[in-house]
Structure formats: structure tokens, C-alpha cells
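Undergrad:
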Amino acid sequence: NFYSEKEIEDIIYKNKELSKIKNEEIRDYIDFLEYQKPYISSWKSYYSRFGYKGKKIDLSKVPSMVNEALLEVDKVKNNYLKLRYFFIALRLSHYNNLDNTLQIYEKYKYLLKNSNSIVKEWIQGLYAGMLIKKGEVVKGVYEFTKLFGEDKYNWHLAYYNFKYIKTDEQWN
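Each residue of the sequence shown is one higher than the one before, counting from 1 in my numbering.
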């Protein structure tokens, strides 16, 4: 079963025609992706006060959502989905300033070892941002530089994050 580019776009980005997806793990992933979306938005505080799609979100649910994503990492068989759930857990934790973000990265970074997926770069960018947020500016900016190659999708993130280097000592 092959899908056209339009059908894939409708399924993944517009949540249309999800009934075409027969793989339960993929359907569950798409459902979880949609569920967590307002919790990683820059509008999440607004959504908690005034609602998202007609319903207020509860930011106190974020730690359990992170745990749910991590359970899926351990449960799903597909390596790409494992990586995607790892990314979701890390992003939810990082964007919501949870204390366990670096521990999540350390525990699940083994998934990055043999990956050539764009998700690996997304995770690397999150990791660099987490380090900067925790005050490890030089190490964080160094991690961003790993995204510099022209063959890398997110190389521009590395460039923009040199703004965190402010002293001669940090440059050295």
C-alpha cells in the first residue's frame, strides 16, 4: 500500500483519513502526537487559562505525559517510533522546565547511536538547549555546533546559539 504525498500530508499533518492507517503503533503515535501538541506550544499558558480547541489544558499533566511517552519508547517495536517518543518526552520535559530532562536524555541517548533520522538532529538540538538552560553554556553551544554541516537540516540553530557565548573565557 503506497500513499500519495497529498495523502501522507493529510494523515500526518491534518489528521485526516486516519482510518487508512492499519498499524496500531503508528495510529497510537499520531494520537499521542496530537494530544501533546498544546503542551509544547508557546501558547500553553494561554491554553491552560482559556482553552485549546474548546477545552482548558492542565499543565500539571505534563510529567505523566512524559512518563507515558517513555513507556512507549520501551513498548513499541519500531525503532523510528522509539526515537520519536524519546523526542516527544524530551521536548515536553524541556519546554515545560521539568527537572528530569537531562536524565531522560542520558537514559535514552543510546537510541541515537545507529540513527540517521532527522529526529536525531532534533534531539541533539534539544540537548544543546537543555545544557544552555542548565547553565552549561559552552558545552551547549558546542553541541549546537555539531549541527553546523551543510548536510544538516538544522544547521542554522548552531549559528544562532553563539549568542550565548559572552566572555573570552567561554570562547577559549
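We put the beta carbon where it would ideally sit given N, CA and C, even for glycine.
Could you spell out where the alpha helix (DSSP H) holding V141 opens and where it closes?
TA: For the purposes of this step, residue 141 is taken as the residue at position 141 of the sequence shown. 137–145 is the extent of the alpha helix (DSSP H) around V141.
Undergrad: What are the complete alpha helix (DSSP H) segments, minimum 4 residues, inside the stretch 92–124?
TA: 101–108, all fully within the stretch 92–124.
Undergrad: Thinking just about the alpha-carbon of each residue, which of V76, A69, K22, I30 is nearest to the one in S93?
TA: As a working note, residue 93 is residue 93 in the sequence shown. It is A69 whose Cα lies nearest to the Cα of S93.
Undergrad: Which residue's Cα is closest to the Cα of F87: I40, K146, K77?
TA: Position 87 of the sequence shown, counted from the start, is the residue given in the question as residue 87. Nearest option by C-alpha distance: I40.
Undergrad: Can you say whether G54 is buried or exposed, counting buried as having 16 or more other CB atoms within 10 angstroms of its CB?
TA: Along the sequence shown, read from residue 1 onward, the residue named residue 54 stands at position 54. Exposed, since its Cβ has fewer than 16 Cβ neighbours within 10 Å.
Undergrad: By DSSP, does Y3 sit in helix, in strand, or in coil?
TA: Counting from 1 along the sequence shown, the entry for residue 3 is found at position 3. Coil, per DSSP.
Undergrad: So N96 packs on E25, CB below 8 Å; how close in whole Å?
TA: Counting from 1 along the sequence shown, the entry for residue 96 is found at position 96. Counting from 1 along the sequence shown, the entry for residue 25 is found at position 25. Not confirmed; about 25 Å, so no contact.
Undergrad: Looking only at C-alpha atoms, which of L126, V141, G140 sits nearest to T101?
TA: Locating residue 101 in the sequence shown gives position 101, where the first residue counts as 1. Nearest of L126, V141, G140 to T101, Cα basis: L126.
Undergrad: Cβ atoms of S48 and K37: under 9 Å apart, would you say?
TA: Taking the sequence shown and counting its residues from 1, one reaches residue 37 at position 37. Taking the sequence shown and counting its residues from 1, one reaches residue 48 at position 48. No. Outside cutoff.
Undergrad: Check this for me: beta carbons of E7 and K20, under 9 Å apart or not?
TA: Locating residue 7 in the sequence shown gives position 7, where the first residue counts as 1. Locating residue 20 in the sequence shown gives position 20, where the first residue counts as 1. Cβ distance < 9 Å, so E7 and K20 count as in contact.
Undergrad: Any heavy atom of the ligand ATP closer than 8 Å to the beta-carbon of S19?
TA: What this structure holds is no ligand at all, so the ligand ATP is not there to describe.
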